[in-house]
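Positions 1 to 416 (UniProt numbering) are the ones given, in order, by the sequence shown. Working notes for the structure below.
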Amino acid sequence: MSLTHDHSPSPTREPEPISAGGGANQVRVRAYNERLVLSIVRRHRGLSKADIARRTGLSAQTVSVIMRALEKDGLLMRGEPVRGKVGQPSIPMYLNPEAVFSFGVKIGRRSADLVLMDFVGKIRTQLHRTYRYPNPEEILFFISDGIAEVEAAIPAAQRDSVAGVGIAAPFELWNWAEEVGAPEGAMDAWRGFDLQAEVSARISYPVYLQNDATSACGAELVFGAGPLYPDFIYFYVGSFIGGGIVLNSSVFVGRTGTAGAIAPLPVRNKRGETAQLLEIASIFVLENLLRERGLDPQPLWYAAEEWIDFGEPLEIWIQDSAEALAQAIVAAVSIIDFSAAIIDGGFPDWVRARLVKATVAAVNRLDLQGIVTPDIIEGIVGPQARAIGGASLPIFARYLIDQTVLFKEIDNAEGN
């Protein structure tokens, strides 16, 4: 694995407050404008100077200065000239994948992942660990030892290119311990445990922490179907199901940060009883179904891409989960007119495709009077959505801006 590049990026200053309607030419907000340019180039995967000026409202001269500085720092690189019918050829600029790296950590109730992601969202390397249930000390060793192992592949002079470590973890990990078979009291060690502070004490990089389902939702917004849908509800089916809400092309976390925590949503099970969504549409339910039939459930946690077809118990779980997801989707769109419901999870593409197909069928069997049915689609990012979302946190904090600004930028550009 080669992570070499010619220039290490210079640190980006924190932007001063500014309205989000477009760019500004004042020297005092140059850091903001640099982030704006980088964010727009990332979103559109290559733009010329003229395109950037049109989309940001910045002057051509200001854009030229910014792009020269970003190219000098190695953050932007030139593409092949594009020749039109008249005038000089335009030169698209792209993010340099080798310019910035970030560690992402996903902590789940059955497994943990550590990834090294580049500036354009590609995973360069990853480590995976499974367990019966997560233990704080074991998780700390996994993160610190894993980072040291991955760092061995990076030349020492280039470690400054790592923007930080983003951790995606369930909040209140001690909850629902019984459902995953943890011994009584074994998960209580997480109560009052400051994961962010403990990791920060062991590594030299800035550390960021976000809910795992929110991180997955953010990854879908940035690297997946986000550009197609400014408003959507997102479901990530992991050991326990979680989710997120996107409004106006920005993740909405709510007053307490728990908006979109769809796991407790009340739904009816196949016996007509009220249950929480997580009690039906979570992978631990499939795990229990396999155990009841004398089948080894461990392959569920080895690697998401390597599931086998478990036959009848898998089909039962898919159909039951689809019925519950359908109810959750209809309930959600009756409150907010989402344009899409996106379903992803810690399983292979073929399982996701079957689950989404079954969910569409289940929605169509419900009473939809007064409901505008959203597009019900598969997520694009896949099983590593939580780790990718985590790895995105340091990059956005240091180099990019949020999606809301880019959404307004598109409106401005289309109005020209």
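Where is the CB? At the ideal position from N, CA and C, for every residue including glycine. Just so you know, these numbers come straight off a predicted model, no measurement behind them.
query: What residues in its chain sit with their C-beta under 6 Å from that of Phe-235, if we drop five residues either side in the sequence?; result: Gly-243, Ile-343
query: One question on the structure: do Val-105 and Leu-114 come within less than 8 Å of each other, judged by their Cβ atoms?; result: yes
query: Are the Cβ atoms of Gly-354 and Gly-345 separated by less than 8 Å?; result: In the sequence as presented, Gly is not what sits at residue 354; that position holds Arg. No, the Cβ-Cβ distance between Arg-354 and Gly-345 is not below 8 Å.
query: How many angstroms separate the CA atom of Glu-149 from the CA atom of Ile-380?; result: 29 Å
query: Where do the ends of the alpha helix (DSSP H) carrying Ile-66 lie?; result: 60-72
query: How would you label Ser-204, buried or exposed, when you count the other beta carbons within 10 angstroms and need 16 or more for buried?; result: exposed
query: Let me know the secondary structure DSSP gives Gln-210 once reduced to three states.; result: strand
query: Output the distance between the C-alpha atoms of Ile-308 and Pro-299, rounded to the nearest integer angstrom.; result: 8 Å
query: When DSSP builds the beta bridges, which residues end up paired with residue 432?; result: Nothing in the structure corresponds to residue 432, since the chain is present only between 1 and 416.
query: Just mark Gly-311 as buried or exposed, buried being the case when its beta carbon has 16 or more other beta carbons within 10 Å.; result: exposed
query: For Lys-106, which residues does DSSP report across the bridge?; result: Asp-113, Ala-168
query: Would a C-beta distance cut-off of 8 Å place Pro-170 and Arg-109 closer than the cut-off?; result: yes
query: Count the other CB atoms, across all protein chains shown, that sit within 10 Å of the CB of residue 417; report buried if there are 16 or more and exposed otherwise.; result: Lying before the first or after the last residue shown, residue 417 is absent from the chain, which here runs from 1 to 416.
query: For chain C, is any of its Cβ atoms less than 8 Å away from the one on Ser-102?; result: This model lacks chain C altogether, as it is built from one protein chain only.
query: I'd like to know whether the C-beta atoms of Val-162 and Phe-103 end up nearer to each other than 8 Å.; result: yes
query: Name the DSSP beta bridge partners of Met-187, please?; result: For Met-187, which the question treats as bridged, DSSP gives no partner whatsoever.
query: Go through its chain and collect everything with a Cβ distance to Val-356's Cβ below 8 Å, but skip five positions before and after it.; result: Ile-343, Ile-376, Ile-377, Glu-378
query: Can you grab the Cα-Cα spacing for the pair Pro-81 / Pro-89, in whole Å?; result: 6 Å
query: Can the beta-carbon of Leu-265 be found closer than 8 Å to that of Ala-340?; result: no
query: Apart from the five residues just before and just after Thr-373, which ones in its own chain have a Cβ nearer than 7 Å to its Cβ?; result: Val-363
query: List, from N- to C-terminal side, the beta strand (DSSP E) runs of 3 residues or more that fit wholly inside the region 225-290.; result: 232-237, 241-247, 266-268, 274-276
query: Would you check if the region 58-73 and the region 32-44 touch, i.e. whether three or more CB-CB distances between them fall below 8 Å?; result: yes
query: Can you give the Cα-Cα distance for Gly-319 and Ile-107, rounded to whole angstroms?; result: Looking at the sequence itself, residue 319 is Gln, so the reference to Gly does not match. Approximately 27 Å between the Cα atoms of the pair.
query: Pull up the DSSP beta-bridge partners for His-44, would you.; result: DSSP lists no partner for His-44.
query: Met-93 and Arg-83: beta carbons closer than 8 Å?; result: no
query: Taking DSSP as the reference, what is the three-state secondary structure of Val-100?; result: coil
query: In three-state DSSP terms, what is Ala-177?; result: coil
query: Run through DSSP, which three-state label would Thr-373 get?; result: coil
query: Between Leu-76 and Arg-42, how many whole angstroms is the CB-CB distance? I'm expecting something under 8 Å.; result: Not really, about 10 Å apart at Cβ, beyond 8 Å.
query: Return the bridge partner residues of Tyr-94 from the DSSP annotation.; result: Met-77
query: Are the beta-carbon atoms of Asp-194 and Trp-174 separated by less than 8 Å?; result: no
query: What does a CB cutoff of less than 6 Å around Leu-325 pick up in its chain, not counting 5 residues either side in sequence?; result: Ala-281, Thr-359
query: In this structure, what does DSSP give as the bridge partners for Leu-127?; result: Leu-114
query: Rounded to a whole number of angstroms, what is the C-alpha to C-alpha distance between Asp-367 and Leu-277?; result: 19 Å
query: Roughly how far, in whole angstroms, is the beta-carbon of Gly-121 from the beta-carbon of Ile-388, given that I think they are within contact range, below 8 Å?; result: 6 Å
query: In the DSSP output, which residue or residues are listed as bridge partners for Val-162?; result: Phe-101
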